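Taking it in order: structure first as structure tokens, then the write-up.
Protein chains: 2
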Amino acid sequence: MDTRSSPDVLVVGGGLIGLVTAWRASRLGMRVTVVCAEEPGAASGVAAGMLTPATEAVFGEESLMRFGLCSRDRYPGFVAELAEDTDVDPGYRTEGTLQVAFDPDDLATLTELGEVRDRLGVRTERLTSRECRRLEPMLAPSVRGGILAPDDHSVDPRRLAAALRSAAAARGAVFVTDRVTRVVVDGGTVRGVALGGGATVDAGQVVLAAGVWTSRIAGLPAGVVPPLRPVKGQLLRLRTPAGAEPVVARTVRGLVRGSPVYLVPRADGEIVLGATQEEMGFDTRLTVGGVWEILRDARELVPGVTELEIAETCVGLRPGPPDNEPLLGPTRVRGLHLAVGHFRHGVLFTPATGDAMAEALATGRLPGYADHLAADRIPSATSPSEGVERP
Amino acid sequence: MDTRSSPDVLVVGGGLIGLVTAWRASRLGMRVTVVCAEEPGAASGVAAGMLTPATEAVFGEESLMRFGLCSRDRYPGFVAELAEDTDVDPGYRTEGTLQVAFDPDDLATLTELGEVRDRLGVRTERLTSRECRRLEPMLAPSVRGGILAPDDHSVDPRRLAAALRSAAAARGAVFVTDRVTRVVVDGGTVRGVALGGGATVDAGQVVLAAGVWTSRIAGLPAGVVPPLRPVKGQLLRLRTPAGAEPVVARTVRGLVRGSPVYLVPRADGEIVLGATQEEMGFDTRLTVGGVWEILRDARELVPGVTELEIAETCVGLRPGPPDNEPLLGPTRVRGLHLAVGHFRHGVLFTPATGDAMAEALATGRLPGYADHLAADRIPSATSPSEGVERP
Chain A
1 MDTRSSPDVL VVGGGLIGLV TAWRASRLGM RVTVVCAEEP GAASGVAAGM
51 LTPATEAVFG EESLMRFGLC SRDRYPGFVA ELAEDTDVDP GYRTEGTLQV
101 AFDPDDLATL TELGEVRDRL GVRTERLTSR ECRRLEPMLA PSVRGGILAP
151 DDHSVDPRRL AAALRSAAAA RGAVFVTDRV TRVVVDGGTV RGVALGGGAT
201 VDAGQVVLAA GVWTSRIAGL PAGVVPPLRP VKGQLLRLRT PAGAEPVVAR
251 TVRGLVRGSP VYLVPRADGE IVLGATQEEM GFDTRLTVGG VWEILRDARE
301 LVPGVTELEI AETCVGLRPG PPDNEPLLGP TRVRGLHLAV GHFRHGVLFT
351 PATGDAMAEA LATGRLPGYA DHLAADRIPS ATSPSEGVER P
Chain B
1 MDTRSSPDVL VVGGGLIGLV TAWRASRLGM RVTVVCAEEP GAASGVAAGM
51 LTPATEAVFG EESLMRFGLC SRDRYPGFVA ELAEDTDVDP GYRTEGTLQV
101 AFDPDDLATL TELGEVRDRL GVRTERLTSR ECRRLEPMLA PSVRGGILAP
151 DDHSVDPRRL AAALRSAAAA RGAVFVTDRV TRVVVDGGTV RGVALGGGAT
201 VDAGQVVLAA GVWTSRIAGL PAGVVPPLRP VKGQLLRLRT PAGAEPVVAR
251 TVRGLVRGSP VYLVPRADGE IVLGATQEEM GFDTRLTVGG VWEILRDARE
301 LVPGVTELEI AETCVGLRPG PPDNEPLLGP TRVRGLHLAV GHFRHGVLFT
351 PATGDAMAEA LATGRLPGYA DHLAADRIPS ATSPSEGVER P
């Protein structure tokens, strides 16, 4: 593969956000190269794949929820378009999501959240304990009640990544496995990137989509990439024995004595159990405390998980931006775009981000629905150190 | 390597029991070949390595405890002799073992066990809660009291296996990696074994030491190998962060609301947490219930484990014989010996088993201290189907 050819767009990062940007840009006829390193803890390979803006909606995060709903509602069309370009099935499931409360305090919290969602106009239904257990018979009898979000679905992020890569390749995108050490900027305009192996790749435009590692890329004026903090998540992948019924039929999110836990089922019987949320820096250690907490809460909610096999343990680093909202589109370096900071919502935000990035690459401007996520909105992007390149 | 040469002794099984037999026999001048397959779940690579007959002594298992004490007391000399033949350090540690009770009921159980041990003449000391925490400051304040067994030590079974293999090789033992499918018997006398690859190896004497897989070897008259049941154990290996103090300074065994748990420290900061005991057949699945139980009890006993990394999860199958005691030495097939059924005590029993097997191979008779473990003691060994070879 000739890494020295000069693509229209060079995407840094091979996670879902980088891949969807590459695919959508390729579909518009741009020549795209994706450069990706394999980072232990890269979030896309760890994520559970919940597409649940309704059951995540909380007070004070309305704009994030709107983007989430907008992206969730693109999923059916997005999956259909993917199928035009690849045979890889992304494991999209449309059984909805059930959110349940374990004790009376959890129910009070859930009722309050339900009222916020009603005010925001999000479609959910309150269910009694009995109704919850009619939907999910293996729930603990002690579950006090819940909320059904019939439009909150799930996808398998690993399969989705494989599908996006295959679809992008089918549209002509080129993949290079290497680490990008530096962005090459000349006179306020991006020229390309330098790779770990020493080579440089020239490109018309560059998209930084390397998750939390994006802020480690050198060569940029201060403030162009805002600080991104790694938010660690530990989760477990369980295996259902051959022939047995899965313990849940749809995504089940629970609040267990104030602690959130979820179970996301896949077609092959895998159940993803998650997840912790810890701010520990670039730490990808699986810990006693993390695993114990997940198992404790999952067992309380669905006692039948006790008998299941732990097939895999995972640790991922979510890219947390300063205001917890993604940063998309053009920066003040001409030709340089960001697609970072998707934090806990990368899988959900994938379709809307792909469309927004493709439009920004084609026109230089984000579409209206993504305007509030503009990469240059963070004040520090115009800090006094502007123009000073990092070594 | 010529697998068709004819050794004096052919050992089937490369776990601790097979290796110690090979080493001790080699030291007596016998030409030894060891044939071993790599079985997932082989107990030697999973075991924690507690050498704790005093803190395991329970009512009704006096003969087992006697053999355990006899083997434990051989360890210092055994380790010294190993050092003559290899540079591999088996990780023998001599800090003793502390057994503690979590709640008043656990303390009552421990007190009762202490009285049994006193009657058996085993040296242990009762400690108050405060004395326990003086020895192990990271124990939970709720620990009610305990027993110190100053002569119950530990070894690293993986290092011990490497040391034994190296020592045996230094004494001329030959290793073949293959599965033994059949023992070749002719006129009531063993002639050798058939390998999975199709070859046969002739040998003067054959020792079956393949753990729970021993009963799957064909070619023997019924009843020569008693039924061995796999007793599953799940355990976790934790890692202490660089520079931090290990959470325990010696082996700590606890009874937590009736449930036994242990922590075994290693020189490199590893802490082995175990273990479940489950009779599930040849099942090596790591389960939610098994891991949760170990973490729950370990956290209650030593809350500081919460912060530690889970470096490895392990599942092993202990070979459980009909009466829970090992089967050693000659069988009624001339030249065929057993060294199987060490159940939960394989690491502890390694030195005494090695000595007993070497003597049996040299003289045809077990030494007195192992007499009660004679392989032909099980009544079914003289069942009516005697002489009928299995296909």
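Protein chains in written order, with UniProt numbering: chain A, 1 to 391; chain B, 1 to 391. Note that the Cβ used here is the ideal one computed from N, Cα and C, for glycine as well. No experiment lies behind these values; they were computed from the predicted model shown.
Can you list, in chain order, the residues of its chain whose CB lies under 7 Å from that of residue i, leaving out five sequence neighbours each side?
i      : result
B/V79  : P90 and Y92
A/R158 : G45
B/E115 : none
B/D85  : A167, A170 and R171
B/G269 : R239, T240 and P246
A/S142 : F102
Within 10 angstroms of its Cβ, does residue i collect 16 or more other Cβ (buried), or is it exposed?
i      : result
A/P326 : buried
B/V58  : exposed
A/T111 : exposed
B/D156 : buried
B/T331 : buried
B/E125 : exposed
B/R266 : buried
A/A77  : This sequence places Gly at residue 77 of chain A; Ala is not what is there. Burial call: exposed.
A/E293 : buried
A/F351 : Looking at the sequence provided, one finds Pro at residue 351 of chain A rather than Phe. It is buried - the Cβ of A/P351 has at least 16 other Cβ atoms within 10 Å.
B/T189 : exposed
A/D186 : exposed
A/A22  : buried
How big is the Cα-Cα spacing for residue i and residue j?
i      : j      : result
B/R390 : B/P226 : Its pLDDT being 39, under 50, B/R390 is placed unreliably in this model, and the value from its coordinates should be taken loosely. Going by the C-alpha atoms only, they are around 14 Å apart.
B/E245 : B/G304 : 11 Å
B/R299 : B/V256 : 10 Å
A/A170 : A/V261 : 38 Å
B/G341 : B/G320 : 5 Å
A/T94  : A/V122 : 17 Å
B/L28  : B/A358 : 8 Å
A/D87  : A/A162 : 10 Å
A/T181 : B/F349 : 56 Å
A/R117 : A/G60  : 11 Å
B/G204 : B/K232 : 34 Å
A/V288 : A/R239 : 21 Å
A/V212 : B/L338 : 58 Å
B/P104 : B/S129 : 11 Å
B/T284 : A/G18  : 39 Å
A/V183 : A/A370 : 25 Å
B/G41  : B/G316 : 4 Å
A/F67  : B/D178 : 59 Å
Tell me the residue span of the beta strand (DSSP E) that contains residue i.
i                      : result
B/F175                 : V174 to T177
B/S259                 : S259 to P265
A/P319                 : E309 to G320
A/A83                  : Looking at the DSSP string, A/A83 is not in any beta strand (DSSP E); the run it does join, the alpha helix (DSSP H), is E62 to D85.
A/E270                 : E270 to G274
B/G329                 : L327 to P330
B/P230                 : R229 to R239
B/T33                  : V32 to C36
B/T251                 : T251 to V256
B/Q99                  : T97 to A101
residue 395 of chain A : Beyond the ends of chain A as shown, which are 1 and 391, falls residue 395 of chain A; an answer cannot be given.
B/Y11                  : The residue you asked about is not Tyr; residue 11 of chain B is Val in the sequence shown. First-last of the beta strand (DSSP E) with B/V11: V9 to V12.
Between which two residues does the alpha helix (DSSP H) holding residue i run?
i                      : result
A/V20                  : L16 to R27
A/E115                 : P104 to L120
A/L295                 : V288 to L301
residue 443 of chain A : No answer is possible for residue 443 of chain A: it lies beyond the span of chain A, which begins at 1 and ends at 391.
Excluding the five sequence neighbours on either side, which residues of its own chain have a C-beta within less than 8 Å of the C-beta of residue i, listed in chain order?
i                      : result
B/L120                 : A57, E62 and M65
residue 392 of chain B : Coverage of chain B is limited to positions 1 through 391, which leaves residue 392 of chain B absent and any answer about it impossible.
A/A140                 : F102, E300, L301, V302 and P303
Given residue i, which residues of its chain have a CB within under 6 Å of its CB, disregarding the five upstream and five downstream residues?
i      : result
B/G290 : Q234 and T276
B/A210 : V12 and G13
A/G172 : S26
A/A356 : L328, L366, P367 and A370
Of all the beta strand (DSSP E) runs that stay within the bounds of the region 334-372 of chain B, which reach a length of 3 or more residues?
336-340
Unbroken stretches of the alpha helix (DSSP H), 4 residues or longer, contained in the region 154-217 of chain B
157-170
Write down every uninterrupted run of the alpha helix (DSSP H) in the region 126-155 of chain B whose length is 4 residues or greater and which is fully enclosed by it, in chain order.
129-135
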